[in-house]
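Enquirer:
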Amino acid sequence: MIVIGSVPGMASWSATCSVRMGRNISTILSKMTARIMSRDSSAMNLYQLLPSTDQSTTELYRNSMRIIERLVDDQCVVPYPLRRSDFFAELWQTTAKLLVVFDERESLNTCESASEFDHEFSLVCQFVADGGKVLLLLHSSASTENTLSPTSLGYLLSAPRVVTTPLESSHWKWRIHASTASVPHSRILVGSPDETRANLVITSINPLDSRLDSLRQGLELLHIPCRSLTSHILEKPSNSVTLYSMIMDSNNTRAKKTLNIFSEPSSLAGLGDFTHAELRDCSTLNNLPPEFDWLSYRKNLNTNTLGKNLIWSESLGSSWVLCESVLEKIPPHSGLVVVSNRQTQGHGRGDNRWVTPSGQAAFTLSLTLNPPTYVSPRSAVTFPNYVTGMQHLVALSILLACKQLIAERLGALNGHQCAFEVDEEFLVNLQHSGPQLRLKWPNDVYVVWNENKQCGDVSSPSPDCPRSGKLAGMLTRCSLVGDKEANFIIGIGVNVSNHIPTICLQDLLDRVCPKQPSVISTAEVTATILSRLERLVSRTLHTYGLSWAFELYTRCWMHTNQTVEVRSIENGSPTFGRQCTITGLDAFGYLLVRDNETGERFSLHPDGNSMDMMLGLIKPK
1 MIVIGSVPGM
11 ASWSATCSVR
21 MGRNISTILS
31 KMTARIMSRD
41 SSAMNLYQLL
51 PSTDQSTTEL
61 YRNSMRIIER
71 LVDDQCVVPY
81 PLRRSDFFAE
91 LWQTTAKLLV
101 VFDERESLNT
111 CESASEFDHE
121 FSLVCQFVAD
131 GGKVLLLLHS
141 SASTENTLSP
151 TSLGYLLSAP
161 RVVTTPLESS
171 HWKWRIHAST
181 ASVPHSRILV
191 GSPDETRANL
201 VITSINPLDS
211 RLDSLRQGLE
221 LLHIPCRSLT
231 SHILEKPSNS
241 VTLYSMIMDS
251 NNTRAKKTLN
261 IFSEPSSLAG
271 LGDFTHAELR
281 DCSTLNNLPP
291 EFDWLSYRKN
301 LNTNTLGKNL
311 IWSESLGSSW
321 VLCESVLEKI
331 PPHSGLVVVS
341 NRQTQGHGRG
351 DNRWVTPSGQ
361 AAFTLSLTLN
371 PPTYVSPRSA
381 VTFPNYVTGM
391 QHLVALSILL
401 ACKQLIAERL
411 GALNGHQCAF
421 EVDEEFLVNL
431 QHSGPQLRLK
441 WPNDVYVVWN
451 ENKQCGDVSS
461 PSPDCPRSGK
471 LAGMLTRCSL
481 VGDKEANFII
491 GIGVNVSNHI
501 PTICLQDLLD
511 RVCPKQPSVI
521 STAEVTATIL
531 SRLERLVSRT
541 LHTYGLSWAF
551 ELYTRCWMHT
561 NQTVEVRSIE
571 NGSPTFGRQC
581 TITGLDAFGY
591 LLVRDNETGE
601 RFSLHPDGNS
611 MDMMLGLIKP
621 K
């Protein structure tokens, strides 16, 4: 995992003493036993954090991060942002392989910022001592270079003279790499416990355009895979993005109204680096863009409305933000789905952001929910229950779609000529060897190899239990129209053929169906999920009811009888956790738990609590 972070507060790495840093790391190393953290070598996720307050340097930061993203091999590296709160909460350290820190401050202005920088300094030193790697990018102006100490990091990179000061400590060595005394800012400073490795690389980004070679050399010194060097890396992205539209139901007038919305450039957000969009009707094209399998999408889409109003783009900032920006304008039952091969600002729950890797199905759809016609005489379920339960139906649909694809390849469709005719119960009960699909409440799909493991262990590889992990996730937003209509936008991401950062559907199919090898496309997966979702929602609303859908959901989840620690806040401080057992879902889809000591039963809401279901820890936000 690669993490990119901006130095918080008003701190300066340029003024940091190299001797002090080396001694600090050396001291940690001397006190450590064999405590090097285990890091998954299969994934290199890149996290980015925007500058916190000073907007004047935002462009420099963005350019730096854009070049790094273009330098690294996108088949091995997946960009993610790192929030300041997560950085200081130390949530990234056990999985991070490389931490990239961008320093754009010149001095310590307050005691508070100095304290914050000391905290960051300690975290970075500890991370390096634990076996992590750090790329530190310094940006200091010429006006401050004369004020820096001869042993400071900024001076060592910037001073136009040969460095002769002794810099080494007992367990730490510094060396100057690619030093050119006549060219300021040309040096790369390398730190490591010995002379055979590079754990810490420090380079300058002054000026940025001439530092491309330094950035690349720094990444290579840290053994981060890079692309071949081409001129397009420094090119600014195009200002315009093309949105390709395909309407598959010519009688759907709402779909045509939706296209008018995307023809209004002023109303569009989520375009990323693009400033405006051009909408093109696919019916007027002789050749469709080959980057998307249009034929497979149409072949596998079995719906009345959902997904029949397709907008596709090779690259977007975020399909979620794009749809969210026009949510109030999208007509009900439009069938809209926005698909993009690459999203540079993909959204997850909370503030999670990432760049979608090649081979991931990433799309956002519009869905309209109306009150159910199914009424159970023994149930008090009302329309609001269905609204809050929608995220569970979407997660279940993703799992059912994946199981349908497995069943097709196993030849286990029970005589059905059409895969979409297969009942949900059949797919839930489908038995096969190898890894299994499970739901993580409330809205993630995981691959689990050893179902006897506790939730916290499912992603830990071993010889008899290969790597497992998150396969898919989703998020929803709802706009209510009176008490009889709810318009949703639903964002979905599924690892289809991208083998990083965790596991993908292609891996799963190859494991489960080794005798029926076949390549799966993002278009096929997208269409299958949409088909399963429309069918599941319809049967829930009109035939079986929400309790039926929740019962299917809990039969597929990984939380049966799971013990969790539930914490609360009293007088502003967290209390000791209550040990509870998960017993099911309540009528709204919230988590039902029972206190193991008192027997008290109560519900837990995902939006009011911070939940790490893999570690069994639930606490207030």
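Going by full-length UniProt numbering, the first residue of the sequence shown is number 1, and it counts up by one from there. Every residue gets a Cβ at the ideal spot worked out from N, C-alpha and C, and that includes glycine.
(1) Just verifying my parser: in three-state terms, what is the DSSP assignment at H392?
(2) Could you check how far apart the C-beta atoms of T368 and H333 are, in whole angstroms? I think they sit under 8 Å.
(3) How would you call F292, buried or exposed, if buried means at least 16 neighbouring beta carbons within 10 angstroms?
(4) List the residues that DSSP assigns as beta-bridge partners of Q343.
(5) By Cβ distance below 8 Å, which residues in the same chain neighbour M37 in space, the five residues on each side in sequence not counted?
(6) Is the Cβ of T526 closer than 8 Å to any Cβ of chain B?
(7) Leaving out five residues on either side along the sequence, give the residues of the same chain with a beta carbon under 6 Å from the beta carbon of W312.
(8) When we look at the beta-carbon of H542 and count the other beta-carbons within 10 Å, is it buried (16 or more) or exposed?
(9) In the DSSP assignment, the alpha helix (DSSP H) including R298 goes from what residue to what residue?
(10) Just to check my reading of the structure: I261 and K329 have Cβ atoms closer than 8 Å, yes? What is that Cβ distance to the nearest angstrom?
(11) For a quick check, are the C-beta atoms of N252 and K308 less than 8 Å apart?
(12) Taking only runs that begin and end inside the region 234 to 263, name each unbroken alpha helix (DSSP H) of 4 or more residues, in chain order.
(13) Once DSSP output is grouped into helix, strand and coil, what is the label at C504?
(14) Below 7 Å CB to CB, which residues in the same chain sit around Y590 once its five sequence neighbours on both sides are set aside?
(15) Put C580 into one of helix, strand or coil per three-state DSSP.
(16) Whose C-alpha, out of T560, D194, R187, T242, is nearest the C-alpha of L215?
(17) Of all the options P357, T528, S158, V128, which has the alpha carbon lying nearest to the alpha carbon of C418?
(18) Under three-state DSSP, which class holds C402?
(19) May I ask you to report which of helix, strand or coil DSSP gives H542?
(20) Using only the alpha-carbon positions, how far apart do K440 and H559 sit?
(21) DSSP state of R84, grouped into three classes?
(22) Is the beta carbon of S64 sitting closer than 8 Å to the one on I202?
(23) Please classify G545 as buried or exposed, where buried requires at least 16 neighbouring CB atoms within 10 angstroms.
(24) Need the endpoints of the alpha helix (DSSP H) that G154 sits in, please.
(25) What residue does the alpha helix (DSSP H) around N287 start on, and which one ends it?
Expert: To lay it out plainly:
(1) Reduced to three states, the DSSP call for H392 is helix.
(2) Indeed, because the Cβ distance is near 5 Å, the residues count as touching under 8 Å.
(3) Counting the other CB atoms within 10 Å of its CB gives F292 a total of 16 or more, which places it among the buried residues.
(4) Beta bridge pairing from DSSP links Q343 with L316.
(5) Residue placement at M37 is poorly supported in this model, since its pLDDT is 44, which falls under 50; the coordinates still yield a value, given next. Q93, T94, D130, G131, G132, listed in sequence order.
(6) The structure shown has no chain B; it contains just one protein chain.
(7) The beta carbon of W312 lies closer than 6 Å to those of Y244, F292, V339 in the same chain, with the five residues before and after it left out.
(8) Exposed, by the Cβ-count rule.
(9) That run of the alpha helix (DSSP H) goes 294 to 300.
(10) At roughly 5 Å, the Cβ-Cβ gap stays under 8 Å, so I261 and K329 are in contact.
(11) A contact, by the Cβ cut-off of 8 Å.
(12) The region 234 to 263 contains these whole alpha helix (DSSP H) runs: 253 to 262.
(13) Residue state, collapsed to three classes: coil.
(14) So the list reads S603, L604, H605, once near-sequence residues are dropped.
(15) Of the three classes helix, strand and coil, the one that applies to C580 here is strand, per DSSP.
(16) With distances taken between CA atoms, L215 lies nearest to R187 out of T560, D194, R187, T242.
(17) It is T528 whose Cα lies nearest to the Cα of C418.
(18) DSSP places C402 in helix when its eight states are reduced to three.
(19) Assigned with DSSP and collapsed to three states, H542 falls in helix.
(20) Spanning the two alpha carbons is a distance of roughly 7 Å.
(21) DSSP places R84 within a helical segment (H, G or I) once states are collapsed to three.
(22) With contacts defined as CB atoms closer than 8 Å, S64 and I202 fail to qualify as a contacting pair.
(23) Classification of G545: buried, given that the 10 Å Cβ count is 16 or more.
(24) Start and end: 153 to 158.
(25) In the DSSP annotation of this structure, N287 is not part of any alpha helix (DSSP H), being labelled neither H nor E.
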